[in-house]
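Contents: one structure, followed by commentary.
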Amino acid sequence: MVRQGYANSFRLCMVLALLVLWHVSCQAKDQWQEDFKYQPVSLRPALEVTYTDASRAAFQIQAQTYQLTGQLVKPHILSDSKTGAPWLWLEMQDEAGEVYSTQNARGKSRINLYRRGPYFCEVHWLDLGLATVEGRAAPLKGDLALFCYADKILAEITWHGTGDFRATSLHVKGLLSKDIVCKPFTAKTRQSFRIPLFGEEPPLSEDAFKTLKGEVPFRYDQRKGYYVVGTHTSGSFQKEFYETPNRYETATFTVTNDAVKRKVYICHESAMGGAIVEGGVVLDGQGQVMPMVVQVSKNFAGEKEEKFYNPQDTPFSETFFPLYLEPEESHTLTSLHLYQNWGRHMTKHWSSLGAWMDYFHSSTGVTETTCYVPFKYAGIGGVSIADFRAMSQEAFWSGQPQHDNLAGHSFLSFFDGRQWQHLKYEGTVYRSTGPNWFDIQLNYLSADGSIRVCVDIWETPQADELRSFFKARYEVLKPLVIEDAQANFRFLEITSAIQNLRFTRFSANGTPDLKLDPSLAPFPVKGLSLPSENA
């Protein structure tokens, strides 16, 4: 009877223990329910930046809670895309009382994105000017940074002096009305002013985040609107490839919310040591990988793409992810920056890169595979792929583990009888950005609106680690007549001209070997019929 009593007590303890574990498990599941809810692409809050049409006279910010249009020609206003209501323009007054406005500037402005992804886009509206009603321009050049999220947008204007200008005040107009005292300008001086345009809420107190592992503790970046923690990286692709392939740059922290339900954005930056991050993952308190898409954004210093506005070509290396916090909710999390391996396999990841115009960078480990240009409509002949690096090449570069590249490829181009038509970027679907599998969809529309293009791009682990895949689908939306289509229509164009490689013959699976004729313009070979399946 005593033994039976012990057995019953043991069973009761086991049942109670299982109930406690079940309760804790349910609590943990419930804690993350809101975060996981918005991870499927169909439910993820919208955020995208595109041009309105092929003229590039305006751009759009298409976010979940706002849709804005920025005019890149006079009157240079940021306005509500649906109602036309003005959200932002700027004016400045000089010591004589003369008012200069961005609405009066006659020059054409432009945009460049330093960061792009599913959670955060950093748009730089460049070459903004100020002029009087009569058109007299101030000796200033403006860089209006727009820090865009699905549910808020912050701005910062930086005015660069190109001559003497006796300014006294800056006036923010539109959704906000704000007067700011400013100083006189001389050549090569600059002044910056923050504008919390829409949706920004008071941040958590400084003690809400506790940095358990990381070199630079958590802080709130009021300029950009996210919480940031910093770690160190080696700064060497060579070292990560050859010496420490399983090294992870680690930031561990605890966050405790206050009494207000909120959504926060986390930025994990490589604060010291270089700007070479390739991928990122988030771990829960037990070290398990969270099923969350992580945005990766970086910039390599050296090419000085924006010599006037960013002469230092500031390098950066960052990952981003959101957290949905219930009142008083607390978590311990780890953010990892990845480089060469994740477990036994080389990482497969997708990141945005700052350049002359932003582009996407796909990589196997620290070795770049392909660079896709989402935004460079009709750049060099409508370039869609900036770099393609065949991983079957035997040799690396001498300075880092990269293969040589061919550049300047495009998915669709055709001559409609009057002009060449290229693709206009419509948006990106981020199904997975890594770490062992990335799966991305790029969507385009031909400039004349006749053909829709959907490009699925993916890389997965395999034994030889050589393959990068894409599948392009073309949907004809309206009748299109192309004269001499073999010469004037291209589903896919591959070029070697930018690298000055002069091949003499062309061949592809299922096609005869052809001699290239450089006298044919713009292509040295006419198009061929698609071969039959498995030819």
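For the sequence shown, this note's numbering gives the first residue as 10, with consecutive numbering after it.
Where a beta carbon is used, it is the ideal one built from N, C-alpha and C, also for glycine.
If you count every other CB in all the chains shown that lies within 10 Å of the CB of residue i, and 16 or more means buried, which is it?
{"i": "Pro521", "result": "exposed"}
{"i": "Leu539", "result": "exposed"}
{"i": "Arg398", "result": "buried"}
{"i": "Leu486", "result": "exposed"}
{"i": "Cys35", "result": "Low confidence applies here, because Cys35 scores a pLDDT of 47, under 50, leaving its location unreliable and the question unanswered by this model."}
{"i": "Ile70", "result": "buried"}
{"i": "Ala66", "result": "exposed"}
{"i": "Asn113", "result": "buried"}
{"i": "Arg482", "result": "exposed"}
{"i": "Thr379", "result": "buried"}
Are residue i and residue j touching if we call contact CB-CB under 8 Å?
{"i": "Ser455", "j": "Gln495", "result": "no"}
{"i": "Phe218", "j": "Val264", "result": "yes"}
{"i": "Ser118", "j": "Trp134", "result": "yes"}
{"i": "Leu292", "j": "Phe262", "result": "no"}
{"i": "Ser90", "j": "Leu77", "result": "yes"}
{"i": "Val302", "j": "Thr442", "result": "yes"}
{"i": "Ser371", "j": "Glu468", "result": "yes"}
{"i": "His346", "j": "Gly289", "result": "yes"}
{"i": "Ala164", "j": "Leu149", "result": "no"}
{"i": "Val58", "j": "Leu122", "result": "yes"}
{"i": "Trp168", "j": "Gly183", "result": "no"}
{"i": "Phe420", "j": "Phe498", "result": "no"}
What would DSSP say about residue i, mapped onto helix, strand or coil?
{"i": "Gln495", "result": "helix"}
{"i": "Glu249", "result": "helix"}
{"i": "Lys46", "result": "helix"}
{"i": "Gln200", "result": "strand"}
{"i": "Asp39", "result": "helix"}
{"i": "Leu30", "result": "Any reading at Leu30 must be qualified, since the residue scores a pLDDT of 43, below 50, and its modelled position is unreliable; the value itself is stated next. Three-state result, Leu30: helix."}
{"i": "Thr263", "result": "strand"}
{"i": "Glu107", "result": "coil"}
{"i": "Glu287", "result": "coil"}
{"i": "Glu312", "result": "coil"}
{"i": "Lys100", "result": "According to the sequence as given, residue 100 is Glu; it is not Lys. Three-state result, Glu100: strand."}
{"i": "Asp216", "result": "helix"}
{"i": "Glu224", "result": "coil"}
{"i": "Thr513", "result": "coil"}
{"i": "Thr121", "result": "Note that residue 121 is Asn in the sequence shown, not Thr. Of the three classes helix, strand and coil, the one that applies to Asn121 here is strand, per DSSP."}
{"i": "Asp526", "result": "coil"}
{"i": "Ile460", "result": "strand"}
{"i": "Arg482", "result": "strand"}
Bridge partners of residue i, per DSSP?
{"i": "Gly436", "result": "Asn452"}
{"i": "Phe397", "result": "Thr379 and Leu415"}
{"i": "Asn331", "result": "A small correction: the amino acid at residue 331 is Pro; Asn does not occupy that position in the sequence shown. Beta-bridge pairing links Pro331 to Tyr274."}
{"i": "Ser339", "result": "Thr265"}
{"i": "Asn113", "result": "None, per the DSSP bridge assignment."}
{"i": "Trp359", "result": "Ser371"}
{"i": "Tyr257", "result": "BP columns for Tyr257 are empty, so no partner."}
{"i": "Cys157", "result": "Cys130 and Ile162"}
Between the options, which has its C-alpha nearest residue i's C-alpha?
{"i": "Pro493", "options": "Gly426, His412 and Pro533", "result": "The residue asked about is misnamed: residue 493 is Asp in this sequence, not Pro. Looking at the Cα atoms, Gly426 is the closest of the given residues."}
{"i": "Pro410", "options": "Thr373, Phe68, Asn308 and Ser393", "result": "Thr373"}
{"i": "Ser326", "options": "Leu345, Met301, Met299 and Ala280", "result": "Ala280"}
{"i": "Asp267", "options": "Ile204, Gly223, Val132 and Pro336", "result": "Pro336"}
{"i": "Asp413", "options": "Glu252, Glu403 and Gln112", "result": "Glu403"}
{"i": "Asp367", "options": "Met355, Lys357 and Ser393", "result": "Ser393"}
{"i": "Arg440", "options": "Val382, Ile449 and Phe330", "result": "Ile449"}
{"i": "Trp365", "options": "Thr378, Lys357, Phe317 and Pro331", "result": "Phe317"}
Any Cβ of chain D within less than 8 Å of the Cβ of residue i?
{"i": "Gly244", "result": "No chain D is part of this structure, which consists of one protein chain only."}
Closer than 7 Å to a non-hydrogen atom of the ligand SAM - does that hold for the CB of residue i?
{"i": "Val264", "result": "Although the ligand SAM was asked about, the structure shown includes no ligands whatsoever."}
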